[in-house]
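2 protein chains.
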Amino acid sequence: MLSKNKLKLIQSLNHKKGREKENCFLAEGDKIVTEALKSNFHVDYLIATSEFIDSHSLLCSPPSNTIEVTKKEIQTASLLQSPQNVIAVIHLPEKSFSVSSLNNQFTLALDSIQDPGNLGTIIRIADWFGIRHILCSEDTVDCFSPKVIQASMGAIFRVKVHFTDMESTMKKIKELKIPVFGTFLDGNNIFKESLPSTGILVMGNEGNGISEKISHYIDKRITIPSFGKSGTESLNVGTATAICCAEFKRRTII
Amino acid sequence: MLSKNKLKLIQSLNHKKGREKENCFLAEGDKIVTEALKSNFHVDYLIATSEFIDSHSLLCSPPSNTIEVTKKEIQTASLLQSPQNVIAVIHLPEKSFSVSSLNNQFTLALDSIQDPGNLGTIIRIADWFGIRHILCSEDTVDCFSPKVIQASMGAIFRVKVHFTDMESTMKKIKELKIPVFGTFLDGNNIFKESLPSTGILVMGNEGNGISEKISHYIDKRITIPSFGKSGTESLNVGTATAICCAEFKRRTII
């Protein structure tokens, strides 16, 4: 049974303050929780229906402190419109990040992304394209918010997301001579640019793009050209990230 | 002032049944309604605050039957979490579609897309890449649902979306010898395929991909390869559409 205290704790994890206090976050749903159990993350406990427990006992052992609950109890605790059979309470990962780990790979840097759905989508894209690290400015939406976890479809358990002071990180990146790309409406046509296989790609805020203080660190400004007399002024940042990552990675296989 | 009858009518337009009965749909928010006013769509009337009316009277004349309301009245009628200053009631466009209009261009076909956010995103992508027509199977989510309009960011007023019986449309497309591409998890690497500048690209349902009955009409099965040992099983259909459209269109400029 789900105690009132546990329910309260779960609800507190919907907010960043609660997550920081408890040093935990939530993941919901059969697919995403299964991804968490397969990952290096420490799953503190599961709240699961007998259906989930039975179907998963052979796939991967659930943590010993699994609380069996009814579907109705899951519904009370869940944030989802269509609650599934399991909610996991998971430890926040240790914060450890050194800029030198970005050498010799392709990395995304996000400057103040605000929409949790966009951040989750970007983490999922990064995972698809084999990108191991995402840097986020401190004012980017928290990657452990339930909506981000949901939109990432479990990719959050594989891609490392680091929140850092973006300016000082950019300074160190320049010292290491890692090339820095950024998307701007008036940048060079990405399809005609020469693109390296390693470096940093900065994507900017939904409304305002890349901030002025970060734009100083960008070596090459790129853009996705529009075709025809489109009236659309910009692409969604998730869409733009997908197209840019595909273009950088495509070059590595031809 | 907003009468009870008008409020009731507006609320009925949130549902497909209501839209079909009234032959109208809703668009909300300053940016999207401005796009509607600039388009060929027939805006029946606006429900707007004085703020909207004042700021837009010079840009484009609002229809004569604009109802001035308070911000609070907009909030009562609005579906948005942060209501803006205007709601438009717009006539549904005439249904007219002939397969021969797809000759000599690049067109998207959607087989049972269910999520309104995904459909809206795809319409926005189509607009960016100069794609003029989108074909939808009859079981695709309605393109005039408020969430689709919102996610399209106004692109719905420029891209023509046609709901047709997909199988009979595909038959006619084959008779015209228009090449048909489709995305499958086991398709050929899109980045290594030869791609024409015109044709049809079919994108499938979020969970199940392209249905068997439509897959028979596909000449070339393509896929977006994943990079590294990603655990992500698939990309979101909006993301995949963006990458595919970019790749087809990129080839036309190199």
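Going down the list, the protein sequences come from chains R and H.
The opening residue of the first sequence carries number 8 in my numbering; numbering runs sequentially from there.
The opening residue of the second sequence carries number 8 in my numbering; numbering runs sequentially from there.
Beta carbons are placed, not taken as given, at the ideal position from N, Cα and C, and that holds for glycine.
This structure is a prediction, so every number in the text was calculated from the model and none was measured.
Query, Result
"Residue environment, S85 of chain R, which counts as buried when at least 16 other CB atoms sit within 10 Å", "buried"
"K184 of chain H versus A95 of chain H - alpha carbon distance", "41 Å"
"For G216 of chain R: DSSP bridge partner residues", "R:N212"
"Proximity of R139 of chain R and A162 of chain R at Cβ, strictly below 7 Å", "no"
"Pick from H:P153, H:T73, H:F136 and H:I221 that is closest to S175 of chain H, judged by C-alpha positions", "H:I221"
"6 Å CB neighbourhood of I250 of chain R in its chain, flanking five on each side removed", "I231"
"Contacts that R268 of chain R makes with chain H (C-beta to C-beta distance below 7 Å)", "For chain R, the structure presents residues 8 to 261; residue 268 of chain R sits outside this window and is missing."
"Through-space distance from G36 of chain H to P90 of chain H, alpha-carbon basis", "7 Å"
"D122 of chain H: CB within 6 Å of a non-hydrogen atom of the ligand NAP", "Ligands in the displayed structure: none, and consequently the ligand NAP is not present."
"Under the three-state DSSP convention, the category N12 of chain H falls into", "helix"
"C-beta neighbour in chain H for L20 of chain R, strict 7 Å", "no"
"is_contact[K256 of chain H, chain C] using C-beta, thresh 7 Å", "You won't find chain C in this structure, because its protein chains are R and H."
"CB contact below 7 Å: G272 of chain H versus chain R", "Residue 272 of chain H is absent from the model: chain H starts at 8 and stops at 261."
"Residue burial classification, N92 of chain R (beta-carbon count within 10 angstroms, cutoff 16)", "buried"
"Residue-level contact to chain H via CB, F234 of chain R, 7 Å cutoff", "yes"
"Minimum Cβ-Cβ distance from T246 of chain H to chain R less than 7 Å", "yes"
"L115 of chain R: first and last residue of the uninterrupted beta strand (DSSP E) it sits in", "F113 to D118"
"Short CB-CB distance (under 7 Å) between L33 of chain H and chain R", "no"
"Straight-line Cα distance separating N196 of chain R from G211 of chain R", "17 Å"
"Beta strand (DSSP E) runs contained entirely in the stretch 118-170 of chain R, provided each spans 3 or more residues", "140-144"
"Within chain R, the residues that T128 of chain H reaches when beta carbons sit closer than 7 Å", "N243 and T246"
"Residue interval of the beta strand (DSSP E) (run including I255 of chain H)", "It is Phe, not Ile, that sits at residue 255 of chain H in the sequence shown. No beta strand (DSSP E) holds F255 of chain H; the alpha helix (DSSP H) holding it covers V244 to R258."
"Contacting residues, own chain, Cβ-Cβ under 6 Å from F136 of chain H (five flanking each side not counted)", "C252 and K256"
"For Q82 of chain H and T56 of chain H, the rounded distance between their alpha carbons", "11 Å"
"Per DSSP, the bridge partner or partners of T190 of chain R", "R:I229"
"Where R26 of chain R meets chain H, residues with beta-carbon distance less than 7 Å", "Going along chain H, no residue has its Cβ under 7 Å from R26 of chain R, so there is no contact; the nearest lies around 22 Å."
"C-alpha distance - L115 of chain R paired with N12 of chain R, whole-angstrom precision", "39 Å"
"Exposure of H223 of chain H, with buried meaning 16 or more beta-carbon neighbours within 10 Å", "exposed"
"DSSP-derived helix/strand/coil call for G36 of chain R", "coil"
"DSSP-derived helix/strand/coil call for D51 of chain R", "strand"
"Any 3 or more C-beta pairs closer than 8 Å across the stretch 9-23 of chain H and the stretch 156-171 of chain H", "no"
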